[in-house]
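Undergrad: Chains as they are written, first to last, in this note's numbering: chain E, 1 to 581; chain F, 582 to 1162.
C-beta: ideal position from N, C-alpha, C; glycine also.
Mind looking over this structure? Questions follow.
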């Protein structure tokens, strides 16, 4: 990766600030000490939750992925030390879960529904795969393999025929299979999917993160097996997600009650639960569906989630987190540095570190450009030919990209260029010559590429006034602002004296976008006409239409990207605006 | 009470069907057996919840109140038997709670926050007061007094300084004080209100029924003491309720999560929790505020709650209940005959039996007509003069009332006639002569009344198209239908083939009301132009305004009173309709 891109800045803060800070907090909260206690075969305190090992595993995965982009000897030393502690805590038979150590040893594998041993194991496997790919060392991978082998001996047909209460191990088993070639891991993933009736599922329900992780496991299993019933289920679930269960921000899971996905169209804005992990998982699942189909709609969803409902979870300085990501706020809500159930922060750091892996893809016939980011990568075609790709762009602040393709010798292949679905007018030039481009699809450019070919997509990026499906009650009759992939919001900080509950959009023609270098480290803000619509103090809450006097007063509206809200102290915020009556 | 009124029919079903059926279910679920076990000083099973005695107490209260309107020897025999079982279970020191019997005896008064002993006691006190007033027997009242005295010895300043986790005993202590004159009950109520910081409260929050019952306790305490700080709190809380926390139906408490009142304007329709007990409590509190102030706004709220969000909870046949009362449904939701936590059914039967007590009121200078109902009552002025009041009306189906006032000798007093707030045009004639009437107020008619004076209020009752405060996201941009005090809804049964999520109101001028004798036992339905607005199958969930093709098709809209929905099998339903774009 080169310098200066949108995500690069976040990755820098992630590597230098968030990851080290999180290790300190994990240590303070006993997460690391647990491994040392388990090494001594003593009983750990049940002072915190039994999924706690997973936080450490996700932290290791974040380190490994961060080191893949940028060498950092300090970080590498931290990672090595934690990896050693983890490995030391493993039992002789391969078991590794610090909660079930000491006196709790006999309870192993007896409470899968509630105590999440396999969930935790899954995160170990993911960490081990990342660690192996990046460092080349197989010490954590061996540890994971020993545990995976024990799980395969214990769980499966004719053995313990039960899945973990929290899916995750399914996708991790497929990753471990890919890394090791051990087919029993893939088979166990399939078995666990069957135990959970995945092939029969028709809609998303229940705990949002569980539902999304299960779908990811299904997608990984399908991509390795081509199992048709699994694919049918994946398509049903995706349709359900993308037509009635996702927020404009890519957030998923509207209910505080059991952290659940709601009924169709149940998407309250102020009371959105929209857990950070679920928005991240939306991106994870979308990326798997993209890998299966090559369809741009999935990349659109990934982009929606990553730039908005996922990115909102972390402060601009990079060490404060949201667990929930509401689309409106009129309370004292703010980010904090840690949660006792710390799934979100550790998901954030591993996901930010993984961003480079989402930008490009490959297929037998060529390369795919999924995301636009000022960056550079040295890569290879599947036949081994080295290719360098360099993007120069201000994306997502503007839609012009200059993509340089460089090969040591000329080679024919297809470059698949994503034309984002949010874009209504796109042009692409290849070495200056225009190529027709259709938004919402990948544009295949098949040619003989050579040294210094230049591809220049240009995505028109006006301010768009967005409406929702009319069946979403909470956004019905309202509009939101979006520019490029970024959803915008009004924050009271920029709109002082306006009650944002009463804020309506004035003339849409008045809207303009402006780069403001001094605003929150530099970003494009939207300005235009707002109208504050107040009803009289004594107007009844319910009344015959038109009988309450409304008082409209104009104000200069300023909107900032949704992800950047709550970085300047406590504030009111809203994504959806009223329409002028 | 005379024959034929709207509520009278429900009271008949209540007395003859619901109350006897509920006793059988209470027996089946061990609620009655518990008293027999406790009598033997054995430990009851913790098979059900520790508030279970309260179900039996509320059932006794319902019996007593039902017998006040209509003698029923069968019901009286049932009641007498249950009352005896209750009394027999009382400990020598006055204690009475079947859960804390036998081995659990030492746990008495140690878990007030969670185990609701005082809540349960409160319902005993209310039952005892009703039983005493109706039967003249003091046996249950004595039992209540003995327990109340024990509580006063145990709880209070310098003793156990703690309130029950579920308010109720506060209002019941004031009732018991009124019945017995024992001031320590009133003082304890005041102490418990203070322990809960009632005077400092500025808004309603937390568990809806708890919040409402506490407010009722506050109102009762204020009405006996005139404590100014209590009154200030009551006014703050009422304003909060009536400006941002109540549904169009009078339902309260929008959240499934902890059965709580939501944030301001957090009033989802499909996902409304709107517990039956909370809607009933809304009426209870409103009636107390009316008693304090004589202001019609409170009666308007009582009427809104009782005719809509409360009455919806019970089936027309009278033996099936809702716990939650959503304002839209697209699921298999239906009423059932019992709940393990059976607070709602027992609240329903005692409230239906209590309806006659809400119709009239009195003050030093005369009588108050709060509600309109085809009925007859023989009463007395405060100076002892007997007065008969007879209402002949089809209310709530039409707004014409013929009220006959009869006294054996002429007497001057004021008849306060409520002109409902929902009414936009009212006329009143006294013996044929027009009197000016202002909606939303009580019209005082001061004159010398004599034999057979006739008062004829006439409330225009067109179909009203209602809008909500624009800050309620879930109803924003939508309309509802109301006629008189009744909120209407569209049910799929009457609107076959129409997806009610897509239903909009057509021309408001097309709306008409029609009495339909064959419909659900006879009711006024609303007919008019509906428009079903469908978006194309491939329209994105979020899109630039106006870019999704909408297809509008007209349909003949039929709306029925909200309270009557779900009486013809599983159905979709919505109170709020889209507006035609």
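To the nearest whole angstrom, what separates the beta carbons of residue 391 (chain E) and residue 373 (chain E), a pair I think is in contact under 8 Å?
TA: The Cβ separation is near 6 Å, so the contact holds.
Undergrad: In whole angstroms, give me the CA-to-CA distance for residue 509 (chain E) and residue 172 (chain E).
TA: About 49 Å.
Undergrad: Quick check on the DSSP output: the alpha helix (DSSP H) that includes residue 1008 (chain F) runs from which residue to which?
TA: That residue, residue 1008 (chain F), is in no alpha helix (DSSP H); its beta strand (DSSP E) goes 1007 to 1011.
Undergrad: Assuming residue 1108 (chain F) is part of the beta strand (DSSP E), what are its boundary residues?
TA: Start and end: 1104 to 1116.
Undergrad: Span of the beta strand (DSSP E) holding residue 998 (chain F)?
TA: Its beta strand (DSSP E) spans residues 992 to 1000.
Undergrad: Measuring straight from C-alpha to C-alpha, what distance separates residue 869 (chain F) and residue 945 (chain F)?
TA: Answer to the nearest angstrom: the Cα atoms are 17 Å apart.
Undergrad: Is the Cβ of residue 269 (chain E) closer than 8 Å to any Cβ of chain A?
TA: Of the protein chains in the structure, E and F, none is chain A.
Undergrad: Kindly list, in the order they appear in chain F, the residues whose Cβ is closer than 7 Å to that of residue 257 (chain E).
TA: Within 7 Å Cβ-Cβ: 837, 838.
Undergrad: By DSSP, does residue 894 (chain F) sit in helix, in strand, or in coil?
TA: The answer is helix: DSSP assigns residue 894 (chain F) an H, G or I state.
Undergrad: Look at the Cβ atom of residue 884 (chain F), then the Cβ atom of residue 1066 (chain F), and state whether they are nearer than 8 Å.
TA: Contact: yes.
Undergrad: For residue 682 (chain F), count the other beta carbons within 10 Å of its own beta carbon; 16 or more makes it buried, fewer makes it exposed. Which is it?
TA: Result: buried.
Undergrad: Rounded to the nearest angstrom, what separates residue 379 (chain E) and residue 360 (chain E) at their Cα positions?
TA: Rounded to whole angstroms, residue 379 (chain E) to residue 360 (chain E) spans 10 Å at the Cα level.
Undergrad: Measuring only the C-alpha atoms, how far is residue 265 (chain E) from residue 1120 (chain F)?
TA: For residue 265 (chain E) and residue 1120 (chain F), the distance between alpha carbons rounds to 15 Å.
Undergrad: Could you name the residues of the stretch 222 to 245 of chain E whose beta carbon sits closer than 8 Å to any beta carbon of chain F, in the order they occur along the chain?
TA: Those would be 242, 243, 244, in chain order.
Undergrad: Counting only beta-carbon separations shorter than 8 Å, does residue 476 (chain E) have a partner in chain F?
TA: With 8 Å as the cut-off, residue 476 (chain E) counts as an interface residue toward chain F.
Undergrad: Below 9 Å on C-beta distance, what does residue 844 (chain F) contact in chain E?
TA: Neighbours of residue 844 (chain F) on chain E, chain order: 270, 271, 330, 331.
Undergrad: Does the beta-carbon distance from residue 825 (chain F) to residue 1055 (chain F) come in below 8 Å?
TA: No. Outside cutoff.
Undergrad: Return the residues of the stretch 541 to 572 of chain E that lie within a Cβ-Cβ distance of less than 9 Å from chain F, sorted by chain order.
TA: If the cut-off is 9 Å between Cβ atoms, the stretch 541 to 572 of chain E has 541, 542, 543, 544, 545, 546, 547, 548, 550 near chain F.
Undergrad: Below 7 Å on C-beta distance, what does residue 248 (chain E) contact in chain F?
TA: Those within 7 Å of residue 248 (chain E) in chain F are 1123.
Undergrad: Under the DSSP definition of a beta bridge, which residues are partnered with residue 1136 (chain F)?
TA: Paired residues: F:1111.
Undergrad: Which residues of the stretch 1065 to 1098 of chain F have a Cβ closer than 8 Å to any Cβ of chain E? Give them in chain order.
TA: Answer set for the stretch 1065 to 1098 of chain F: 1082, 1083, 1089.
Undergrad: Excluding the 5 residues flanking residue 651 (chain F) on each side, which residues of the same chain have their C-beta closer than 7 Å to its C-beta?
TA: Cβ within range, chain order: 596.
Undergrad: Ordered along the chain, which non-local residues of its own chain (more than five positions away) have a Cβ less than 7 Å from that of residue 347 (chain E)?
TA: Closer than 7 Å at the Cβ level, and outside the excluded window around residue 347 (chain E), lie 58, 276, 277, 280.
Undergrad: List the residues of chain E whose Cβ lies closer than 8 Å to the Cβ of residue 1116 (chain F), in chain order.
TA: Correct list: 469, 470.
Undergrad: Taking 8 Å as the CB-CB limit, is residue 707 (chain F) close to chain E?
TA: Not one chain E Cβ lies under 8 Å of residue 707 (chain F).
Undergrad: So which of E:416, E:54, E:477 has the shortest CA-CA distance to residue 449 (chain E)?
TA: The shortest Cα separation from residue 449 (chain E) among E:416, E:54, E:477 belongs to E:416.
Undergrad: Taking just the CA atoms, how far does residue 54 (chain E) sit from residue 4 (chain E)?
TA: Their backbone Cα atoms lie some 32 Å apart in a straight line.
Undergrad: Would you be able to state if there are at least three C-beta pairs under 8 Å between the stretch 162 to 170 of chain E and the stretch 204 to 215 of chain E?
TA: Short answer: they touch.
Undergrad: Which residues, in order along the stretch 596 to 621 of chain F, keep a beta-carbon less than 8 Å from a beta-carbon of chain E?
TA: Here the close residues number zero.
Undergrad: Please confirm whether residue 89 (chain E) and residue 38 (chain E) have their CB atoms less than 8 Å apart.
TA: Yes, these two residues count as a Cβ contact at 8 Å.
Undergrad: Exposed or buried, which one is residue 600 (chain F) when buried takes at least 16 other CB atoms within 10 Å?
TA: Its Cβ being crowded by 16 or more others within 10 Å, residue 600 (chain F) is buried.
Undergrad: How many angstroms separate the CA atom of residue 457 (chain E) from the CA atom of residue 433 (chain E)?
TA: Those two C-alpha atoms are separated by around 11 Å.
Undergrad: For residue 464 (chain E), go through chain F and note every residue whose CB falls closer than 8 Å to its CB, in chain order.
TA: By Cβ distance, chain F contributes 1125.
Undergrad: Using CA atoms only, rank isn't needed, just tell me which of F:952, F:1045, F:811 is closest to residue 888 (chain F).
TA: For the residues F:952, F:1045, F:811, the minimum Cα distance to residue 888 (chain F) belongs to F:952.
Undergrad: Can you round the beta-carbon distance between residue 573 (chain E) and residue 520 (chain E) to whole angstroms, since I take them to be within the 8 Å contact cut?
TA: That belief does not hold up - the Cβ atoms of residue 573 (chain E) and residue 520 (chain E) are roughly 14 Å apart, past 8 Å.
Undergrad: So which of F:803, F:975, F:1053, F:663 has the shortest CA-CA distance to residue 721 (chain F)?
TA: Checked all of F:803, F:975, F:1053, F:663; the closest Cα to residue 721 (chain F) is F:663.
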